[in-house]
Structure formats: C-alpha cells, structure tokens
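> Supplied in structure tokens, the structure appears directly below.
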Amino acid sequence: MKKILPFALLFVLLIGCKEKTKEPLNFVQLEIEDKTPIDCKDDDCTSIELSIPFATNEKDPIAEKINNQILSEVDNIVEVDDITAASQSYEELSKNYINYYNEFINKYPDETLGWKAKVNGNITFFNEDLLSIDIEYYTFAGGAYGFENEKSLNFNPKTGDLYSISDLISNWTELQKLFAFQLKGKIDVWKNKSELNYPESIFFYEDTVEFLYNALDENMIFNGPIKIELPKEKVIPFLKINLAPTAFTN
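In terms of our numbering, the sequence shown opens at residue 259 and continues consecutively.
Written out as structure tokens, the structure is:
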C-alpha cells in the first residue's frame with residue numbers, strides 16, 4: 259500500500275552519524291498562494307498555488323542545497339519567461355508569475371483566459387540514505403489544454419545532492435523484467451527490443467516503489483503518464499540504496 263508521510267506541522271529527518279552528531283534536518287510545508295485581480299471572476303483568475311517542503315535549518319549547507327534544488331525544479335515547472343525561471347524565493351516566483359501575466363494581458367487584452375500553476379510537493383520516504391519528494395503539478399498558460407504531471411526528487415540527505423536514476427539502480431537488466439510487459443507497445447521507452455530506457459522518475463513510499471514513464475504507444479498516441487507500482491520488497495534486491503525506514507517526529 260502506497261503511503262505519503264504525514265506533513266502537517268514539522269518533519270524531523272534523523273540522520274545517523276557514528277563519528278559526529280549532526281543536527282537533524284527540519285522541514286516545514288510552505289504554502290504560497292497568489293492571484294491577479296485583473297478582469298477575472300472566481301476560477302477565471304490567473305493564480306499560482308505552491309505547497310512545498312522547506313528545510314528550516316539555519317546556516318546548514320546541506321539544507322540550503324536541498325532547498326535551492328527544489329526551488330529550481332519548481333521554477334522550471336511554472337516557468338513562463340526568463341525572470342520567473344531565476345527567482346530566489348517562492349514568494350518572488352509567485353509575484354513574478356502574476357506580474358508577467360498582468361504585463362501579458364495589457365499587451366494582448368483579447369487573451370482573456372486565466373493562467374494556472376499549481377505545484378504540490380510531499381516527502382514520501384526518508385532514512386539516512388534517502389530523502390524522497392513527490393511533486394505533482396498542473397500548469398496552464400493559454401492554448402487548448404493545460405499540462406499535468408508528476409515527478410520525484412531523490413536526495414542523498416548526507417550531502418544534499420540529487421541522485422540520478424543510475425545512482426539508485428544496481429541491476430537494471432533484472433529490475434526491468436518486473437514491469438517490462440506493462441510497457442509493451444510503448445515505442446519510446448525501449449532502447450532496443452530487449453531493454454527499456456530508465457524511467458523518468460522513481461517514487462519511494464513506505465511500502466512501494468513506483469516507476470514513471472511518459473510514453474507513446476504504437477499508434478503514436480500519448481495517453482498520459484504510465485506509473486508502475488511494485489512492492490518495496492521486490493525492488494530492494496536491485497537497488498544500490500538502503501530502504502530501511504527511519505522513525506520521525508511531528
């Protein structure tokens with residue numbers, strides 16, 4: 259059963275260190291909302307909603323590195339111009355997003371559809387080797403449809419560095435056999451007839467591990483993301499990282 263860890267007030271990530279005691283990483287959930295009052299009613303307003311885990315440890319280079327990388331990812335998700343893609347805080351990002359829309363609508367008053375950006379991030383798993391964050395998002399900046407997707411950010415909590423997919427997987431040849439059949443006929447996920455490309459994201463939960471692909475079928479039709487869920491016990495033998503849970507306090 260997939261579980262997202264509760265995150266109402268405060269997360270404490272306990273990082274073990276035999277040689278030296280280190281202050282735990284403390285997280286709060288930042289909630290940022292803004293919308294434009296220009297020519298809008300209810301759901302027609304341009305709006306941005308962000309709910310993001312944020313490490314509060316002061317003067318901690320690991321916490322700062324994690325925060326900066328999450329902010330950069332949210333920047334990339336909601337980016338509409340070079341300014342919003344270079345924001346130094348979520349508050350600045352939110353203001354830039356609204357300001358850019360206001361400037362756009364002043365130039366093109368016939369474009370009456372409001373824009374939307376909604377990003378929700380949650381810590382789904384942690385221990386001394388892994389801090390995993392699930393980011394779900396929806397963006398709309400004109401056109402026929404918005405864009406909805408999900409991705410993971412998997413950090414090494416000892417260094418603050420992001421893991422690559424290859425950092426996490428030790429035996430891809432055998433691991434892919436567990437779910438290759440479910441991707442049969444998806445033309446852009448195969449390196450060749452016998453080997454899959456790496457998934458775009460790997461999500462870690464208390465009891466499960468999930469693998470995400472955005473794939474086209476044999477008729478060149480994109481039907482949305484494909485997420486394959488497996489029990490954690492089946493996946494552990496093919497991973498490089500330890501997935502033993504660590505207790506937390508909230």
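Glycine is no exception: its CB is placed at the ideal position from the N, C-alpha and C atoms.
Using the beta-carbon count (16 or more within 10 Å), is Y403 buried or exposed?
exposed
> Using the beta-carbon count (16 or more within 10 Å), is K276 buried or exposed?
Low confidence applies to K276: its pLDDT is 46, below 50, so where it sits in the model is not reliable, and the reading given next is rough at best. Exposed is the call here.
> Under 8 Å by Cβ, that's how I've got L426 and K490 pegged, so tell me the actual separation to the nearest angstrom.
With a Cβ gap of about 13 Å, L426 and K490 do not count as contacting.
> For V336, write down the residues that DSSP places opposite it in a beta bridge.
In DSSP, V336 forms no bridge with anything.
> Looking only at DSSP bridge pairs, what is P483 linked to?
Note: P483 sits in a beta bridge opposite N472.
> Find out if the Cβ-Cβ distance for the pair I486, F437 is shorter than 7 Å.
yes
> Using only the alpha-carbon positions, how far apart do N334 and T294 sit?
21 Å
> What does the alpha-carbon distance come out to for the pair L308 and L329?
11 Å
> Given this structure, state the Cα-to-Cα distance separating N500 from N315, to the nearest angstrom.
25 Å
> Tell me, please, whether the region 442-454 touches the region 413-429 by the rule of three or more beta-carbon pairs shorter than 8 Å.
No, they do not touch.
> How about S459 and L474: are their beta carbons less than 7 Å apart?
no
> Does any residue of chain D bring its CB to less than 7 Å from the CB of N354?
Protein chains in the displayed structure number just one, and chain D is not present.
> From what residue to what residue does the beta strand (DSSP E) around E307 run?
For E307, the enclosing beta strand (DSSP E) begins and ends at S305 to A313.
> Would you call the region 355-371 and the region 385-395 in contact, with 3 or more CB pairs under 8 Å?
no
> So, are the CB atoms of K376 and Y396 less than 7 Å apart?
yes
> Considering only C-alpha positions, which residue in the set L283, K317, V336 and S345 is nearest to I306?
V336
> Can you list, in chain order, the residues of its chain whose CB lies under 6 Å from that of I320, leaving out five sequence neighbours each side?
Excluding positions up to five away in sequence, the list reads G418.
> Hey, out of G482, P503, E369 and I381, whose CA is closest to F285's CA?
I381
> Would you call T370 buried or exposed, if buried means 16 or more other Cβ atoms sit within 10 Å of its Cβ?
exposed
> My parser needs the beta strand (DSSP E) runs of 3 or more residues fully inside the region 351-392; what are they?
374-384
> Under the assumption that P503 contacts E468 (Cβ atoms under 8 Å), give the Cβ distance between them as a whole number of angstroms.
The pair is not a contact, with the Cβ atoms about 17 Å apart (cut-off 8 Å).
> Taking the beta strand (DSSP E) that E432 belongs to, which residues open and close that run?
Premise fails: E432 lies in the alpha helix (DSSP H), W430 to L433, not in any beta strand (DSSP E).
> On the CB-based measure, 16 or more other CB atoms within 10 Å of its CB, does Y366 come out buried or exposed?
That one is exposed.
> Are W373 and A399 touching if we call contact CB-CB under 7 Å?
Taking C-beta atoms as the reference points, W373 and A399 count as a pair closer than 7 Å.
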